[in-house]
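In our numbering, the protein residues as written are 2 to 194.
Quick reminder that beta carbons are idealized off the backbone N, C-alpha and C, glycines included.
One structure is given here, and the rest of the page talks about it.
Here it is, written out as structure tokens:
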């Protein structure tokens with residue numbers, strides 16, 4: 002099994018991070034993500050938990066050795082993401098699995114956003130874990146696939162962080178713009194006193 006784990010602290014509150022994450026694609030740092038479609042989204046009326054299911058369509062070149070051995074590798078691959086956002090505990094968890102090439106390997110990724118204990122009102126802790134498991138392959142071939150997949154996760158994690166940072170900036174800028182317009186509108190109201 003190949004394993005990739007990473008943690009990161011963002012200097013933004015949890016609410017901004019989760020809002021930006023839902024708007025993350027498309028962005029200039031993740032051109033490999035071609036589309037994201039929301040298949041289902043629901044809110045539990047008792048708990049307030051938001052559950053979402055999204056389909057991600059990506060374009061990524063597979064290692065050339067996989068093609069040379071004779072495996073058909075599609076140009077586009079699909080992933081299914083299921084996420085829960087719990088406003089009462091302030092935890093967002095997304096689990097993503099590959100739908101393409103499952104006869105060769107499975108890739109399961111878990112991402113979690115929650116307030117950073119050292120500064121819970123201003124910082125958000127992000128953790129990412131990906132497990133890649135080959136299916137019915139020889140041990141040497143398994144290592145090649147798993148190592149290539151882990152390398153891809155590492156590279157995409159950097160792009161993902163950069164992309165999310167750019168989306169966060171857009172979300173913050175938009176909120177500040179709305180706040181300024183509201184303040185201008187309130188100042189232009191006639192005095193009631």
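Asked: If you drop the 5 nearest sequence neighbours on each side, which residues of the same chain put their C-beta closer than 8 angstroms to that of residue 142?; Found: 70, 135
Asked: Please classify residue 123: does DSSP put it in a helix, a strand, or coil?; Found: coil
Asked: List in chain order: all unbroken alpha helix (DSSP H) runs of 4+ residues lying wholly within the stretch 58 to 90.; Found: 65 to 70
Asked: Assign residue 192 to one of three DSSP states: helix, strand, or coil.; Found: coil
Asked: For residue 128, which residues of its own chain have a beta-carbon under 6 angstroms away from its beta-carbon, when the five flanking residues on both sides are left out?; Found: 8, 113
Asked: Kindly indicate the opening and closing residues of the beta strand (DSSP E) around residue 3.; Found: 3 to 11
Asked: Grab me the residues of residue 52's own chain with a C-beta within less than 6 angstroms of its C-beta, minus the 5 sequence neighbours each way, in chain order.; Found: 43, 85
Asked: What is the residue span of the beta strand (DSSP E) that residue 22 lies within?; Found: Run containing residue 22: none in the beta strand (DSSP E); it sits in the alpha helix (DSSP H), 15 to 23.
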